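Line order of the protein sequences matches chains A and B. One point on numbering: in numbering that gives the first Met the number 0, the residue at position 43 of the first sequence is 42, and numbering is uninterrupted. One point on numbering: in numbering that gives the first Met the number 0, the residue at position 18 of the second sequence is 17, and numbering is uninterrupted. Don't be surprised by glycine CBs; every beta carbon is placed ideally from N, CA and C. Keep in mind the model is a prediction, meaning the values are calculated, not measured. Right, one structure below, let's go through it.
Protein chains: 2
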Amino acid sequence: MLIGQLAQRTGFTRDTIRFYEKHGLIAVPRKARRLNNYKEYPDEVLERLLTIKRIKAMGFTLNETQEILDLVEVDQATCATMAGKANAKVVAIEQKIADLVRLRETLRNAVKGCTTTCAPEANATRCGLVVHR
Amino acid sequence: MLIGQLAQRTGFTRDTIRFYEKHGLIAVPRKARRLNNYKEYPDEVLERLLTIKRIKAMGFTLNETQEILDLVEVDQATCATMAGKANAKVVAIEQKIADLVRLRETLRNAVKGCTTTCAPEANATRCGLVVHR
DNA sequence: TTATACAGTGGAGCATGGTCCACTGTCAAG
DNA sequence: CTTGACAGTGGACCATGCTCCACTGTATAA
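Written out as structure tokens, the structure is:
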């Protein structure tokens with residue numbers, strides 16, 4: 000199928016698909032061209048793009064996605080390997096969540112300190128939200 | 000003081016300080032040069048950098064930090080304004096946290112589905128972690 | 001015939017926040 | 001007098017993931 004079809008069926012834009020192609024996440028066989036030089040994408044590319052979509056939706060970067068696809072390529076993407084990668088990602092996500100929660104508390108405390116020590120129209124340089132006390 | 004001192008006392012590297020200078024977050028008066036052309040940073044710059052540090056630590060981007068500093072500049076950084084910005088940031092952070100929590104659940108479910116339906120050495124294309132079922 | 005929508009390529013640009021580099025000048029110690 | 005640490009400038013480069021652009025070729029319908 001042509002790239003437009005592929006775009007429609009994967010939800011990726013043509014530009015994105017071409018971007019992935021440039022970066023080696025997908026590839027068209029050199030001979031898969033129509034007479035007019037249009038690329039004829041085989042169905043496996045559609046499958047692969049849907050796979051990329053799935054993996055990306057799980058929070059993996061394009062590089063990580065690439066690695067995973069490489070493992071699939073050489074048939075080394077075992078359940079244990081993939082579960083391990085996914086679990087590592089869970090840990091990373093939990094770290095990020097913890098960081099954000101801490102940040103949120105910092106902000107909340109700053110707001111509290113500000114609203115309890117100064118009037119709304121007062122200059123915020125006095126309440127610790129802008130300047131260190 | 001010279002940039003080295005400033006770096007030491009703020010924890011920013013010289014490069015970062017110069018980067019901030021290039022981007023207008025700080026500025027040295029055009030005349031604040033020693034005879035040897037070294038910049039003589041007034042104490043206000045030190046204060047300003049520490050302020051930047053504080054604001055950044057609250058999760059604001061450099062652009063947002065810039066905006067806040069601009070408000071301070073024209074004395075419009077009231078407690079209400081600042082508390083409002085901080086609260087908006089809290090909301091944004093909570094959105095991010097919610098996204099990450101959902102992502103974590105997606106991953107956990109994927110792992111669970113994988114580990115319950117296939118043996119560790121099995122090919123992960125069969126368990127939904129790589130390919131849509 | 002011409003407008004349009006599609007296809008191809010290569011490369012620039014965006015946001016974010018620095019980091020590093022080359023090349024030059026200055027100053028103090030040994 | 002040389003060495004080293006510091007200062008200055010301008011600009012390139014990094015990761016991330018696209019997005020857009022120019023320029024060209026092809027297919028189709030009015």
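Bridge partner(s) assigned by DSSP for residue i
| i | result |
| --- | --- |
| residue 38 (chain A) | A:32 |
| residue 122 (chain A) | B:77 |
Exposure of residue i, with buried meaning 16 or more beta-carbon neighbours within 10 Å
| i | result |
| --- | --- |
| residue 90 (chain A) | exposed |
| residue 40 (chain A) | buried |
| residue 11 (chain A) | buried |
| residue 31 (chain A) | exposed |
| residue 47 (chain B) | buried |
| residue 18 (chain B) | exposed |
| residue 200 (chain B) | This structure cannot settle anything about residue 200 (chain B), because the visible part of chain B is limited to 0 through 132. |
| residue 23 (chain A) | exposed |
| residue 76 (chain A) | buried |
| residue 123 (chain B) | buried |
| residue 73 (chain B) | exposed |
| residue 50 (chain A) | buried |
| residue 115 (chain A) | exposed |
| residue 34 (chain A) | exposed |
Under 9 angstroms by beta carbon: chain B residues contacting residue i
| i | result |
| --- | --- |
| residue 66 (chain A) | Neighbours of residue 66 (chain A) on chain B: none; closest Cβ ~12 angstroms, over 9 angstroms. |
| residue 58 (chain A) | 99, 102, 103, 105 and 106 |
| residue 30 (chain A) | Those within 9 angstroms of residue 30 (chain A) in chain B number zero; the least Cβ separation is about 26 angstroms. |
Residues that residue i contacts on chain A, provided the C-beta gap is smaller than 8 angstroms
| i | result |
| --- | --- |
| residue 88 (chain B) | 106 |
| residue 81 (chain B) | 113, 123, 126, 128 and 129 |
| residue 118 (chain B) | 78 |
| residue 38 (chain B) | Those do not exist, as residue 38 (chain B) stays about 23 angstroms from chain A at its closest Cβ, beyond 8 angstroms. |
| residue 110 (chain B) | 82, 85, 86 and 89 |
| residue 96 (chain B) | 96, 99, 100 and 103 |
Neighbour list for residue i in chain B, Cβ cutoff strictly below 7 angstroms
| i | result |
| --- | --- |
| residue 101 (chain A) | Per Cβ cutoff of 7 angstroms: no residues; residue 101 (chain A) is ~10 angstroms from chain B at best. |
| residue 73 (chain A) | Chain B residues near residue 73 (chain A): none, gap ~11 angstroms exceeds 7 angstroms. |
| residue 51 (chain A) | Going along chain B, no residue has its Cβ under 7 angstroms from residue 51 (chain A), so there is no contact; the nearest lies around 10 angstroms. |
Cross-chain neighbours of residue i in chain A, by beta carbon under 9 angstroms
| i | result |
| --- | --- |
| residue 43 (chain B) | None at all; the shortest Cβ gap to chain A is about 12 angstroms. |
| residue 92 (chain B) | 99, 100, 102, 103 and 106 |
Amino acids of chain A, ordered along the chain, whose beta-carbon sits closer than 7 angstroms to that of residue i
| i | result |
| --- | --- |
| residue 55 (chain B) | Correct list: empty, because the minimum Cβ distance to chain A is about 11 angstroms. |
- request: Check whether the stretch 60–77 of chain B touches the stretch 48–60 of chain A, taking contact to mean three or more Cβ pairs, one atom from each stretch, closer than 8 angstroms.
  value: The stretch 60–77 of chain B vs the stretch 48–60 of chain A: no contact.
- prompt: Contact between the stretch 106–122 of chain B and the stretch 72–85 of chain A: three or more CB pairs below 8 angstroms?
  reply: In short, these stretches touch, since the Cβ pair count reaches three.
field: Contact between the stretch 99–107 of chain B and the stretch 91–105 of chain A (3+ Cβ pairs under 8 angstroms)
entry: Touching, yes, given that three or more Cβ pairs across the two stretches are closer than 8 angstroms.
task: Would you mind listing the alpha helix (DSSP H) stretches within the stretch 46–96 of chain A that are 4+ residues and don't spill past its ends, in chain order?
output: Complete alpha helix (DSSP H) runs here, min 4: 61–72.
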